[in-house]
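Engineer: If you read the sequences in order, they're chains C and B.
For any residue, its number in the working numbering is found by taking its place in the first sequence, counting from 1, and adding 263.
For any residue, its number in the working numbering is found by taking its place in the second sequence, counting from 1, and adding 263.
2 protein chains.
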Amino acid sequence: MKNYSRQREEILREIEKLYNHPTAEDIYMIVKGKDPAISRSTVYRNLNVLVEDGKINKISMQAGPDRYDLKRQPHNHIICTKCGKILDFDYNFELDNLKKILKEQTGIEISGEGIALEGICSDCKNLL
Amino acid sequence: MKNYSRQREEILREIEKLYNHPTAEDIYMIVKGKDPAISRSTVYRNLNVLVEDGKINKISMQAGPDRYDLKRQPHNHIICTKCGKILDFDYNFELDNLKKILKEQTGIEISGEGIALEGICSDCKNLL
DNA sequence: TATAAGTTAGGAATGATTCCTAATTTGTAG
DNA sequence: CTACAAATTAGGAATCATTCCTAACTTATA
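Here it is in structure tokens:
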């Protein structure tokens, strides 16, 4: 296992405490509270390293900045297209015939992770 | 039905001819070939209008610019995370218990559209 | 024909992210 | 320890996609 720099460790430790899909900016502000000298580019660069190392997930939004999530047990995300709220859900795609259909139609084998669905959440639906 | 401006019509007509999920820039270059005075902001603005009017879909990518697609029959997209290729597939989420599970766990009712999956396509898999 | 509403071209502004550079830290081999 | 290489940093400039701004122009309306 590769050694992590102090800054990289700090970033990972803060993400471990968070359960609200923080943005890079969120993480930057939190880490900066403890390590005022840290720079934004260090946060961005290390977030990419942590994604590559499989420690965290990057969630690409249809609008606004990317969000990050510690890899705990496998789960998926569903995003409200009105308010942008992200909710977790667990659904074992392995068991589903979706995988088979995709393989047949496109030749792509999905991993079951990195999947984002979209919809309108109940809060927003009530406002319509 | 609202009247569309000449530029808006031009943009929609070009998207009707394309089956390769063009970006706003792609569309801008094509329309500019026929109407050299058109501006980029006109293309962006009208793409948003066409999405709101339900004429086209916007596909948000995990990397790079958004892509657009005429709304023909309902279908979903799967994106290769290596090469960025976008493939269509049709899978009727209405028939699936995914919808039920999502409703139970998150309160969100998905529309069955605007869903993007990710994986690694067979071309890229061969290169690994 | 006058007025209002909608739309445009062009470019400036914005927001998120990456890139660049010189300085600093860390790892390693003698 | 010591010296050199490799990795990483802070800070800010640069980039990219997109939106915003404004004055001019079209189109609809009455």
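Idealized CB from N, CA, C, for every residue including glycine.
Note that the structure is a prediction, hence the values are computed from the model and not measured.
1. Using 8 Å for Cβ pairs, my map puts N309 (chain B) next to R269 (chain B). What's the rounded Cβ distance?
2. Assuming D329 (chain C) contacts S323 (chain C) (C-beta within less than 8 Å), just tell me the rounded distance between them.
3. At what residues does the beta strand (DSSP E) containing D332 (chain C) begin and finish?
4. Go ahead and pull the three-state DSSP assignment for N320 (chain C).
5. How far does the beta strand (DSSP E) with N339 (chain C) in it reach, from first residue to last?
6. For I301 (chain B), I'd like the list of residues in its chain whose CB is within less than 7 Å of its CB, leaving aside the five on either flank, ordered along the chain.
7. For P299 (chain B), count the other beta carbons within 10 Å of its own beta carbon; 16 or more makes it buried, fewer makes it exposed. Which is it?
8. Starting from G370 (chain B), find everything on chain C with Cβ-Cβ shorter than 7 Å and list it in chain order.
9. For I349 (chain B), report the span of its beta strand (DSSP E) as first-last.
10. Just checking: is the beta-carbon of Q336 (chain B) within a distance shorter than 8 Å of some beta-carbon in chain C?
11. In chain order, what residues of the same chain lie with their CB nearer than 8 Å to the CB of D353 (chain B), ignoring the 5 residues before and after it?
12. Since L275 (chain C) and K318 (chain C) should fall inside the 8 Å C-beta cutoff, what is the C-beta to C-beta distance between them, to a whole number of angstroms?
13. By Cβ distance below 8 Å, which residues in the same chain neighbour E279 (chain B) in space, the five residues on each side in sequence not counted?
14. With the cut-off set at 8 Å, would you say I349 (chain C) and H284 (chain C) are in Cβ contact?
15. Within 8 Å of any Cβ in chain B, is that where the Cβ of L350 (chain C) sits?
16. S323 (chain C) versus chain B: which residues are under 8 Å apart at the beta carbon?
17. Using only the alpha-carbon positions, how far apart do T369 (chain B) and Y291 (chain C) sit?
18. Is any beta-carbon of chain B found at less than 8 Å from that of Y267 (chain C)?
19. Using CA atoms only, rank isn't needed, just tell me which of C:D289, C:Y267, C:D351 is closest to L313 (chain C).
20. Compute the Euclidean distance between the alpha carbons of S385 (chain C) and E367 (chain C), then round it to the nearest angstrom.
21. First and last residue of the alpha helix (DSSP H) that includes Q336 (chain C)?
22. Roughly how many angstroms separate the alpha carbons of E273 (chain C) and N311 (chain C), rounded to a whole number?
23. Identify the continuous alpha helix (DSSP H) that holds S304 (chain C) and give its terminal residues.
24. Counting C-beta neighbours from all protein chains within 10 Å, is the total for E288 (chain B) 16 or more, i.e. buried, or is it exposed?
25. Closer than 6 Å by C-beta to R303 (chain C): which residues in its own chain qualify, once you throw out the five before and the five after it? Chain order, please.
Structural biologist: Let me lay it out:
1. Actually they do not touch by this definition, with Cβ atoms about 11 Å apart.
2. 6 Å
3. 330 to 333 is the span of the beta strand (DSSP E), which, as asked, contains D332 (chain C).
4. strand
5. Here the beta strand (DSSP E) through N339 (chain C) covers 339 to 343.
6. Q270, V294, K295
7. exposed
8. C384, S385
9. 349 to 352
10. no
11. Q336, P337, H338, N339
12. 6 Å
13. L333
14. yes
15. yes
16. S323, M324, Q325, A326
17. Between T369 (chain B) and Y291 (chain C), the C-alpha separation is close to 29 Å.
18. no
19. C:Y267
20. 35 Å
21. Premise fails: Q336 (chain C) is in no alpha helix (DSSP H) and is neither H nor E.
22. 15 Å
23. 303 to 315
24. exposed
25. Within the same chain, Y291 come within 6 Å of R303 (chain C) by CB-CB distance, once the 5 residues on both sides are set aside.
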